[in-house]
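Participant:
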Amino acid sequence: MKYPKDGKFGEFGGRYIPETLVPAIEELEENYLKFKDNKDFKKELDYYLKQYAGRPTPLYYAK
-17 MKYPKDGKFG EFGGRYIPET LVPAIEELEE NYLKFKDNKD FKKELDYYLK QYAGRPTPLY
43 YAK
């Protein structure tokens, strides 16, 4: 997702998070952007999304 650095989308909208979380969210964003194209990172992220977030949902053959 791309958005202006001030976090706004036009006249209204933006990040609706407590100000105390802004530094942590910005650190998370910075590191995600740094590693998002790394093959090993993608592989590990896919693993955790499948195992812990349930996606993609594994399909099982049912008789």
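Using this note's numbering, the first residue of the sequence shown is number -17, and each one after it goes up by one.
C-beta: ideal position from N, C-alpha, C; glycine also.
Give me, in chain order, the residues of the same chain whose beta-carbon lies closer than 7 Å to that of leucine 31; leave out the 5 immediate sequence neighbours on both sides.
Facilitator: Same-chain partners within the cutoff: Arg37.
Participant: Could you check where the alpha helix (DSSP H) with isoleucine 7 kicks off and where it finishes?
Facilitator: Run containing isoleucine 7: 4 to 17, per the alpha helix (DSSP H) assignment.
Participant: Rounded to whole angstroms, what's the CA-CA distance from glycine -4 to glutamate 12? Just pull it up for me.
Facilitator: So the two alpha carbons sit approximately 17 Å from each other.
Participant: Assign glutamate 1 to one of three DSSP states: helix, strand, or coil.
Facilitator: It is helical.
Participant: Measure the alpha-carbon distance for lysine 0 versus isoleucine 7 and round it to whole angstroms.
Facilitator: Strictly speaking, residue 0 in this sequence is proline, with lysine absent from that position. Cα to Cα, proline 0 sits roughly 10 Å from isoleucine 7.
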